[in-house]
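In UniProt numbering, the protein residues as written are 1 to 997.
Here's what the structure looks like:
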């Protein structure tokens, strides 16, 4: 059985007084004095707020908690709510507990949270969303009591002693652990039958009077007494389990088995339980439980600035005395202009002559009390109890009143007549009280003149040929436009078929009237002629809702093509217009509305007293199609995606503060929240896009240094550099859809130096660019590689030496704290849509270790004919001088690549040479040697060839000759033929003259 209930109580809850105070628990610090904690302080422990004394909340005051999803408010003593109080909210419930004694909640209060007390709990005319429990020891003084005419509880009741209820709606189980449960309806509240949707359990007796229970009753060894009122119990299987069952009203109805001793004179209507329709214990035929089609629901609705209203159509109706069609009225209920399900009373002027029959909505358990459906519609039909007792052509009335605001009421009239004009369906030949049309679209209307034949049957008066007068005032909205309403009815043989059109929305009441030769029909006066009239309503709706530009065009670019629109997460606006039918349109289904923004609009739709409607925007992802069915991010608004019908300005609804946090394109849709005059307005939609990333940010990068080094020399190409870029929206959040963009719409990024060293790092464009989805992020991976042959600074990622501004040499870069800093980062030559960075999001987080390097020989000399080791070191510039680069153990040099120039020689040309090949070890090597073909005295200057024709390490050249601007190969002077004698002769310019290394 359904447990959760929705009950709209008829009481008018008073608005909070203007001087009321709202207390926010989030603002209360521990050990502080708060007014409602009388003569005490509040101690805060986690989400519990404990008053050291009693809590007394003055009338109209509220307590909320803006920072907790759930919290507790306790008092060492008692808790008293003076009335019209609100505790908690649906989002942040507040449990209240009196730890010392009783708890009282006075009239028209709301508590959204659990209620508990050591002593008794007394509640009067209030609504509770939560469980209620007394938890003291023993039975006396620990009861739960509800007083007054209007209480609502959505939760369970557990009492240590009695549970006493005078009236109300209770959705949950009720249990007395110590004594009895008593539900005794007040005589002053006979229209508000107490209702329990749940089971009732008592240690002692259960006493009910005029109560409806959707559940079972269990008395543990005592009596269940259904009192003198009409009690109804709807149980799934077992309805009553008790020692004794007492019945005092034969109209009591029980669905479900009864396990109890009955008095011999007991008589009640016994049906099978809901879940066992073929039981053997029922005494009624049929045996099936007559459970109501509408089971009440308990909805706790804290007070707000309500503005309930209702409108009823038609304002008057008539029916043929001999026909099957009856007067029928539609009441539409609203709150603040939005259709809502609400309680309505409907009272006939002559209830002894007529009965109301519900067509749409529900009738409650109270007399003349009804509830409109979720679309705010209540449709009732007036059924005569006896047609012969009704005065023909006499107006009777029916008055509808909003239960929550009795000042909102409307009286309509109806009559029964022997002759009438009537609109009807040609296909079904049934009467139509209303004609439903689309504004701007012609609609054929069939009408006929009906009379009662002498046999008592309704017939078409085929002798009538004429043109009745037609009146078609606008009933709703009052003061609106008729929109060039056009309709005329010419009858032939009692029938008419003519076109009707209006360019406006609303309700029109069309009245036909004429005189008719009625001889031969029932109730025809002696003069043989009678005035006849008839009415039908025209319900006209807008065709669709066109979505249009505001101050900025709404392009329809997609993830594959077209114009870009806006960065994801940024705000935009649009307008919505209710428009009339267009010749190429469809009657139902969605309408692509972009081309209809210049169409005529239905201005009546936007007037204050127009039929209640709410314009709602929604969306679905259009592109990329790969993720269209997976996305959870759709159109949002900083304000609202819904607007009341009367909130339009300049004949359009302006939706500001719209945004989408993803990229791609949207299908933005405009609908009405509910039906309009019983009709569905065609959805209007429009493709909006392209939304693109707002920001890009470097994520990961990797520098592939040459030859396994952990650094690179200036002018030395890197093997490659890879860098990842993540696409973000305006909130700096990942976007997932960008990976599915067409490659020509995905942003490509080069690398460049973003500081004053911009000319030093000019790599080529990436050879590879690939966007992939990593988790929830769209990440582009870019790769710049050096070519496999002839790699230079002009075709590779490479940091150039500075040869232009007298800062030669310089560096190192990015090597510890005593170095210069580069700012290599993303460079976009051409923005596809928009390229933005924030902070240093475009700068690579890992800058490469770059050093100015050179090779430096040590001059050597010795006896002629000897083979000398020629020391070679690789040096880097640091702190204003060259030092050995101990980090280099990978540079290789081959002595066979050299140039030689004799300084002085006693030998043939090219007699001296260099040879040997080796690799640096911590920045030094001695693998290159100098030797002679023929032994002779000579001094030679060698230059090791570092260019592409030689060692192919030109980045280690240096400007050894400051008189030129060019860099030279490293030089070394080798002297053969040193005569040592007795070592008294010192040869200048001949270092290492002993030839020792």
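Just so you know, even glycine gets a beta-carbon here, dropped at the ideal spot from N, CA and C. Since we're looking at a predicted model, the values are computed, not measured.
Query raised in the report: In chain order, what residues of the same chain have a beta carbon less than 6 Å from the beta carbon of residue 766, not counting five sequence neighbours either side?
Result: 782, 783 and 784
Query raised in the report: Nearest chain B C-beta to residue 682 closer than 8 Å, yes or no?
Result: No chain B appears in this structure, which consists of one protein chain only.
Requested in this report: Please state whether DSSP places residue 648 in a helix, a strand or coil.
Outcome: coil
Query - Inter-residue spacing [alpha-carbon to alpha-carbon] between residue 235 and residue 274 - result: 6 Å
Query raised in the report: Under three-state DSSP, which class holds residue 25?
Result: helix
Query raised in the report: Residues in its own chain within less than 6 Å of residue 20 by CB, not counting five upstream and five downstream?
Result: 60 and 61
Query raised in the report: At which residue ranges does the stretch 744-789 contain complete beta strand (DSSP E) runs of 3 or more residues, listed in the order of the chain?
Result: 750-753, 768-774 and 777-785
Query - Alpha carbon of residue 978 to alpha carbon of residue 932, nearest angstrom - result: 14 Å
Report task. Please work out which residues of its chain come closer than 6 Å, Cβ to Cβ, to residue 284, disregarding the five sequence neighbours upstream and downstream, and give them in chain order. Result -> 269 and 271
Query raised in the report: For the stretch 124-138 against the stretch 147-164, are there 3 or more C-beta pairs whose distance is under 8 Å?
Result: yes
Requested in this report: Just list the beta strand (DSSP E) runs in the stretch 349-420, keeping only unbroken ones of 3 residues or longer that don't cross its boundaries, in chain order.
Outcome: 354-360, 369-371, 377-384, 396-402 and 405-417
**Report entry** Local conformation of residue 606 per DSSP, three classes
**Finding:** helix
Query raised in the report: Can you round the beta-carbon distance between residue 308 and residue 342 to whole angstroms, since I take them to be within the 8 Å contact cut?
Result: 6 Å
Requested in this report: Taking the CB atoms as reference points, tell me whether residue 180 and residue 198 lie closer together than 8 Å.
Outcome: no
Query raised in the report: Taking just the CA atoms, how far does residue 752 sit from residue 758?
Result: 7 Å
Query raised in the report: Would residue 551 pass as a contact of residue 507 if the rule is Cβ separation under 8 Å?
Result: no
Requested in this report: Can you tell me which of the three DSSP states residue 595 falls into?
Outcome: helix
Query - Meets three-Cβ-pair contact criterion under 8 Å: the stretch 373-380 and the stretch 201-221 - result: no
Requested in this report: Counting only the same chain and skipping the five closest in sequence on each side, list residues whose C-beta sits under 6 Å from that of residue 918.
Outcome: 925 and 927
Query - Residues of its chain near residue 631, where Cβ-Cβ distance is below 7 Å and the 5 sequence neighbours each way are ignored - result: 621 and 662
Report task. Could you spell out the range, first to last residue, of the beta strand (DSSP E) harbouring residue 999? Result -> As shown, the chain starts at 1 and ends at 997. That puts residue 999 outside it, with no answer to give.
Query - Opposing strand residues paired with residue 999 [DSSP bridges] - result: A query on residue 999 cannot be resolved here, the shown segment of the chain reaching from 1 to 997 and no further.
Requested in this report: Would you mind working out which of 37, 561 and 480 sits nearest residue 54, comparing C-alpha positions?
Outcome: 37
Requested in this report: Return the Cβ separation of residue 970 and residue 943 in integer angstroms, given the expectation that the two are a contact with Cβ distance under 8 Å.
Outcome: 7 Å
Query raised in the report: For residue 30, is the classification buried or exposed, using 16 other Cβ atoms within 10 angstroms of its Cβ as the cut-off for buried?
Result: exposed
Report task. Please list the segments of the beta strand (DSSP E) lying wholly inside the stretch 229-256, counting only runs of 3 or more residues, in order along the chain. Result -> 232-246
**Report entry** Beta-carbon contacts of residue 282 that lie in its chain and below 7 Å, excluding the five residues immediately before and after
**Finding:** 270, 271 and 272
Requested in this report: Have a look at residue 84 and residue 58 and give me their C-alpha separation to the nearest angstrom.
Outcome: 9 Å
Query raised in the report: Touch check for the stretch 408-420 and the stretch 466-484: three-plus C-beta pairs under 8 Å?
Result: no
Requested in this report: Specify the secondary structure class of residue 586 as computed by DSSP and reduced to three states.
Outcome: coil
Query raised in the report: Is the stretch 443-453 close to the stretch 544-560, with three or more CB pairs under 8 Å?
Result: no
**Report entry** For residue 526, three-class secondary structure by DSSP
**Finding:** coil
Query raised in the report: Which whole-angstrom value is the C-beta distance of residue 573 and residue 656, which I expect to be below 8 Å?
Result: 5 Å
Query raised in the report: So which of 874, 975, 750 and 823 has the shortest CA-CA distance to residue 859?
Result: 975
Query - Reduced DSSP secondary structure (H/G/I, E/B, other) of residue 627 - result: helix
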